Every structure is written in structure tokens, then in C-alpha cells.
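Chemist:
Numbering (this note's numbering), first residue to last: 28 to 300.
1) Just list the residues that DSSP pairs residue 115 with in beta bridges.
2) Pairs of beta-carbons, one from the stretch 169 to 180 and one from the stretch 105 to 117, closer than 8 Å: are there three or more?
3) Does the structure place the stretch 100 to 114 close enough to the stretch 123 to 138 that three or more beta carbon pairs sit under 8 Å?
4) In chain order, what residues of the same chain lie with their CB nearer than 7 Å to the CB of residue 166, ignoring the 5 residues before and after it?
5) By a C-beta neighbour count over all protein chains shown, 10 Å radius and 16 as the cutoff for buried, is residue 151 buried or exposed?
6) For residue 156, which residues from the same chain have a beta carbon less than 6 Å from its beta carbon, with the 5 sequence-adjacent residues on both sides left out?
7) Given a cut-off of 7 Å on the beta-carbon distance, is the pair residue 62 and residue 106 in contact?
8) Per DSSP, what kind of secondary structure is residue 121 in: helix, strand or coil?
9) Residue 99 bridges to which residues according to DSSP?
10) Compare the beta carbon distance of residue 82 and residue 52 with 7 Å and say whether it is the shorter of the two.
11) Hey, how far is the Cα of residue 199 from the Cα of residue 134?
12) Label residue 75 either buried or exposed according to how many other C-beta atoms from any shown protein chain fall within 10 Å of its C-beta, with 16 as the threshold for buried.
13) Decide if residue 55 is buried, meaning its Cβ has at least 16 other Cβ atoms within 10 Å, or exposed.
14) Can you find the residues in the same chain that come closer than 8 Å, C-beta to C-beta, to residue 49, ignoring five residues on each side of it along the sequence?
15) Taking the beta carbon of residue 227 as the centre, do at least 16 other beta carbons fall within 10 Å, making it buried, or is it exposed?
16) Tell me which residues share the same chain as residue 122 and place their Cβ nearer than 7 Å to its Cβ, disregarding the 5 neighbours each side in the sequence.
17) Going by DSSP in three states, residue 107 sits in which element: helix, strand or coil?
18) Return the CA-CA distance between residue 272 and residue 222, expressed in angstroms with no decimal places.
19) Do residue 64 and residue 86 come within 7 Å of each other at the CB atom, strictly closer than that value?
20) How many whole angstroms separate the CB atoms of residue 139 and residue 120, which I take to be in contact at a CB cut-off of 8 Å?
21) Grouping DSSP H, G and I as helix and E and B as strand, with all else coil, what is residue 197?
22) Between which residues of its own chain and residue 180 is the CB-CB distance below 7 Å, once the five residues before and five after are set aside?
23) Is the CB-CB distance between residue 159 and residue 147 below 7 Å?
24) For residue 219, which of helix, strand or coil comes out of DSSP?
25) So what's residue 94 in DSSP terms, helix, strand or just coil?
26) Would you call residue 247 buried or exposed, if buried means 16 or more other Cβ atoms sit within 10 Å of its Cβ?
27) Under 7 Å between C-beta atoms, does residue 156 make it to chain D?
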């Protein structure tokens, strides 16, 4: 019973997290009640327009035919549309990671649709090309790029705000009041009362049994057994002397019993002479 109550209490106190019915691009392509789009004339739009994957082709056809238009002028306007409408905005993962660190009501859904890296463009034959490539590779291998991204995405310019909010929410959810756990003490108290009743009944029954064997008042036997149990008189207790068959009470006429003894014949030769 206590285990069942504890399980129900844990389920009741579990912090509900935002669960999205959309887990990826495949889920978006299968439904129509949530609109989705991207920046007009951007790299994301070009990706869907030129893709040969059936799922992405179906998504592009939906975006083209949607009215009103699902394309936006910029990422910031797409983010505002997500906040106000039933709308999903498609853009580069690095931009999404930056935004969701600062906009706690937004979340990233699904994995990457495509994987492309960023580069620095230089004129053909530029002497800086090899030097830039070598420097970027060294920064990547040493982990400096990861440190810089973590600093500017999650630590500065408002980054990490949502992570702190999640930590505070988790901390407040773990605090319990007496009202939350009061049911446990009610269950334990009921079990304790039932155990005491059973113990008293068993104790009285045992005392009556001993009293019937030793022929002493029930109250005396009850007090003796209770004293032995309270003071922990050891693993054994003295055995009371039992009444022998000869220890009989006098009859109602007041005359004592005379125990019978064996008889023997004493004879002499003179008796037969």
C-alpha cells in the first residue's frame, strides 16, 4: 500500500515538460494543421527547392501552395511568427541553437536535415587561403572553436537563460510540503493501530491459555506477561510451579483429605499357632 502511494505521489509531482507532437521533418510532411516555412530566397529555401528526397519535395510543394505565404523576410520575423501562430520555422541549426538559449518558449525539434559547414570566401589565388585554412583547422583540433561557441551561445549576450530556468524549476519541484507526504503518515498510522490491536488480542489470548493451565487469576497472569514483555526479561522466563495432584482443596465439609498409602501384612508365627 505504501509503495503504491509513493508511486502515485511521484507521478503527481513529476514536472510536466513540453512534449511536441512533431518529432522531425517526416512528421511535418504528414500533417497540415501546423504550417511551416523558412526565409524567402535563403539557403534553407534553396535546399528544399533543389532536394530530390521525396519527403523534402513534398514539404516544398506544401510551402509553395500555402496561403497565406509561409515564407518570411528574416529569421527574426520567422521567430515572431512561431510565437504568435501555429507555425514551425525552418532555419540553420546554429541559428536555432542561439535563439533557443534566449527564447525559453521555443524549442528545437528533430535532428539535422542536412549537414554543411561554414567557410570564409577569398579571391581566387589569394595568399591568405592556406593560412586561414590552417589556422581554422588548428582551432578546431584544439577545441578552441567549441569553447568560443559555448561562450557566445550559452554564456554571454543573454545565453544560458533557459538552462537556468529549467534548473530552478527542477529545484522547486523537488521541495515537498507536509500536505504532499501526509498520506504516508496516515497509512503508517493505520497500520500501527491495526498491529497494536492484533498484539493485544494475541497477548490476552495467550494469558488466558497460561491461566487455564496454572490456575491463577487472569489479571495476575496478564500483569506478569506484560511486565516480562516491557522490561525484556530475557529470552527465557521462570516456569511457575505446577500444582500436583495431591495439592487439592479441602472439601465443602471442611475435613482435610487423608492421602492413601500402601498396606503390608505383618504376621508372626504366633498368629498361626
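The beta-carbon is built from N, C-alpha and C at its ideal position, and this holds for glycine as well. Everything numeric in this text was worked out from a predicted model, so none of it was measured.
Modeler: Quick answer:
1) The sequence position of residue 115 within the chain shown is 88, counting from 1. Answer by DSSP bridge pairing, in chain order: 63.
2) no
3) yes
4) Translated into positions along the chain shown, residue 166 becomes position 139. Closer than 7 Å at Cβ, skipping near neighbours: 172.
5) Taking the first residue of the chain shown as 1, we reach residue 151 at position 124. Exposed, because fewer than 16 other Cβ atoms sit within 10 Å of the Cβ of residue 151.
6) Indexing the chain shown from 1 puts residue 156 at position 129. Taken in chain order, the residues that qualify are 149.
7) Here residue 62 is taken as the residue at index 35 of the chain shown, counted from 1. Here residue 106 is taken as the residue at index 79 of the chain shown, counted from 1. No, these two residues do not count as a Cβ contact at 7 Å.
8) Counting from 1 along the chain shown, the entry for residue 121 is found at position 94. Residue 121: helix per DSSP, three-state reduction.
9) Numbered from 1 along the chain shown, position 72 holds the residue referred to as residue 99. According to DSSP, residue 99 bridges with 66.
10) Against the chain shown, residue 82 aligns to sequence position 55. Against the chain shown, residue 52 aligns to sequence position 25. Yes, the pair counts as a contact, with Cβ atoms nearer than the cut-off.
11) Within the chain shown, numbered from 1, the residue matching residue 199 stands at position 172. Within the chain shown, numbered from 1, the residue matching residue 134 stands at position 107. Because residue 199 sits at a pLDDT of 49, beneath the cut-off of 50, its placement in the model cannot be relied upon, and the following sentence gives the value as read from the coordinates. Answer to the nearest angstrom: the Cα atoms are 22 Å apart.
12) For this step, residue 75 is matched to residue 48 along the chain shown. Residue 75 should be labelled buried.
13) Counting from 1 along the chain shown, the entry for residue 55 is found at position 28. With 16 or more Cβ atoms within 10 Å of its Cβ, residue 55 is classed as buried.
14) Here residue 49 is taken as the residue at index 22 of the chain shown, counted from 1. Excluding sequence neighbours, residue 49 sits near 55, 58, 61, 115, 136 and 137.
15) Taking the chain shown and counting its residues from 1, one reaches residue 227 at position 200. Answer is exposed; the Cβ neighbour count stays below 16.
16) If you number the chain shown from 1, residue 122 lands on position 95. So the list reads 102, once near-sequence residues are dropped.
17) Translated into the one-based positions of the chain shown, residue 107 becomes position 80. Here residue 107 sits in helix by DSSP.
18) On the chain shown, residue 272 is found 245 positions in, with the first residue counted as 1. On the chain shown, residue 222 is found 195 positions in, with the first residue counted as 1. Legend: pLDDT at residue 272 = 49, less than 50; position of this residue unreliable, no value from coordinates given.
19) On the chain shown, residue 86 is found 59 positions in, with the first residue counted as 1. On the chain shown, residue 64 is found 37 positions in, with the first residue counted as 1. No, Cβ-Cβ distance for residue 86 and residue 64 is not below 7 Å.
20) For the purposes of this step, residue 139 is taken as residue 112 along the chain shown, with counting starting at 1. For the purposes of this step, residue 120 is taken as residue 93 along the chain shown, with counting starting at 1. With a Cβ gap of about 6 Å, residue 139 and residue 120 count as contacting.
21) Along the chain shown, read from residue 1 onward, the residue named residue 197 stands at position 170. In this prediction, residue 197 scores a pLDDT of 48, lower than 50, which makes its location untrustworthy; the coordinate-derived value is nonetheless stated afterwards. Three-state DSSP puts residue 197 in a helix.
22) On the chain shown, position 153 is the one that residue 180 refers to. Result list for residue 180: 124, 125, 128 and 186, in chain order.
23) In the chain shown, counting from the first residue as 1, residue 159 sits at position 132. In the chain shown, counting from the first residue as 1, residue 147 sits at position 120. In this structure, residue 147 lies closer than 7 Å to residue 159 by Cβ.
24) Mapped onto the chain shown, residue 219 falls at position 192. Residue state, collapsed to three classes: helix.
25) Taking the first residue of the chain shown as position 1, residue 94 is located at position 67. Three-state result, residue 94: coil.
26) For the purposes of this step, residue 247 is taken as the residue at position 220 of the chain shown. Exposed is the call here.
27) Of the chains in the structure shown, none is chain D; there is only one protein chain.
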